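Its first residue numbered 1, the sequence shown is counted upward by one per residue in our numbering.
Read the structure below first, then the notes.
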Amino acid sequence: MLKLRVAPVYALLLVPYCWIAAQSTTGGAIAGTVLDAEGRAIPGAQLALRNPATGFERNAKTSETGGFYFEELTPGTYTLIAGADGFAPWLAQSVTVEIGRLTNVVPRLTVGTAQETVRVSSEAPLLDTTTAAVTQNIDQTQVDELPSNGRRWSNFALLAPGVTPDQNGYGLLSFRGISVLLNNNTIDGADNNQAFFSEERGRTRIGYSTTQAAVREFQV
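Have a look at this one:
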């Protein structure tokens, strides 16, 4: 049985990817710039990233321009600590990572000692300015709690703007009017397309390949 951390992705081949590095279909990323109280970049600052739910940890150091980048992160909620000599540590305990998205964080360090800690809360921006891709993420809360007839995770793709069901009644989905024969479906980055049609494996009228209970998050 698939683990709950499995992250299927329902993505169009035509969607442009605009990360500095290649955009991932299996995870997300965190990037930003460490600044001082006056907005100047801090080179060589230390960063520690941790996922309390899994125990995953990763460390990094800012570049000469104060920038940092954590890539290929499993979706979830992370704790991020930033620090540098002569500055009080900066702590964010709720940094959210989503599939195929870049989370931008800008730690601002204030002059202080290691005994002092600046704690901040992280909120998702209302407008994603990091990519031109038109995407919609369906998270685990929606998958678990919204009603579903048939327990098919892909049905929740209808929550995304521009997605409509096939009028022929076969359960296929059209994205912004594009033919249902041009869809692409991957799970954890692996091909999940039925051999002869642009449908997920298991199609719509026979045994289904991926249970809804195994899905954590997916992106249209």
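Virtual Cβ for every residue (Gly too), placed ideally from N, Cα, C.
Computed from a predicted structure; not experimentally measured.
Item to complete: Would you decide whether residue 68 is buried or exposed? Buried here means 16 or more other CB atoms lie within 10 Å of its CB.
Response: Residue 68 comes out buried.
Discussion item. Please list the terminal residues of the continuous beta strand (DSSP E) segment that includes residue 57.
Written reply: First-last of the beta strand (DSSP E) with residue 57: 56-61.
Worksheet item: What does a CB cutoff of less than 8 Å around residue 165 pick up in its chain, not counting 5 residues either side in sequence?
Response: Cβ within range, chain order: 158, 171, 172, 173, 174.
Item to complete: Quick one: give me the first and last residue of the beta strand (DSSP E) that residue 95 is part of.
Response: Taken as a continuous stretch (DSSP letters only), the beta strand (DSSP E) holding residue 95 covers 90-97.
Fill in: CA nearest to the CA of residue 218, picked from 160, 150, 33, 49
With distances taken between Cα atoms, residue 218 lies closest to 160.
Discussion item. Going by C-alpha to C-alpha distance, which of 66, 156, 134, 150 sits closest to residue 142?
Written reply: Nearest C-alpha to residue 142: 156.
Item to complete: Could you say which of 137, 30, 145 lies nearest to residue 49 if we only look at CA atoms?
Response: Cα-wise, what sits closest to residue 49 is 30.
Worksheet item: Distance, Cα to Cα, residue 168 vs residue 154?
Response: Their Cα atoms are separated by approximately 17 Å.
Worksheet item: Assuming residue 86 and residue 111 make a contact with CB atoms under 8 Å, what is their CB distance in whole Å?
Response: About 6 Å; that satisfies the 8 Å criterion.
Worksheet item: In whole angstroms, what separates the C-alpha of residue 91 from that of residue 27?
Response: One C-alpha to the other measures close to 23 Å.
Discussion item. Looking at residue 47: is its Cβ nearer than 8 Å to the Cβ of residue 80?
Written reply: Closer than 8 Å, so yes.
Worksheet entry | Candidates 136, 106, 150: closest to residue 100 by CA position | For residue 100, the closest C-alpha among the options 136, 106, 150 is that of 136.
Worksheet item: For residue 139, which residues from the same chain have a beta carbon less than 7 Å from its beta carbon, with the 5 sequence-adjacent residues on both sides left out?
Response: Cβ within range, chain order: 217.
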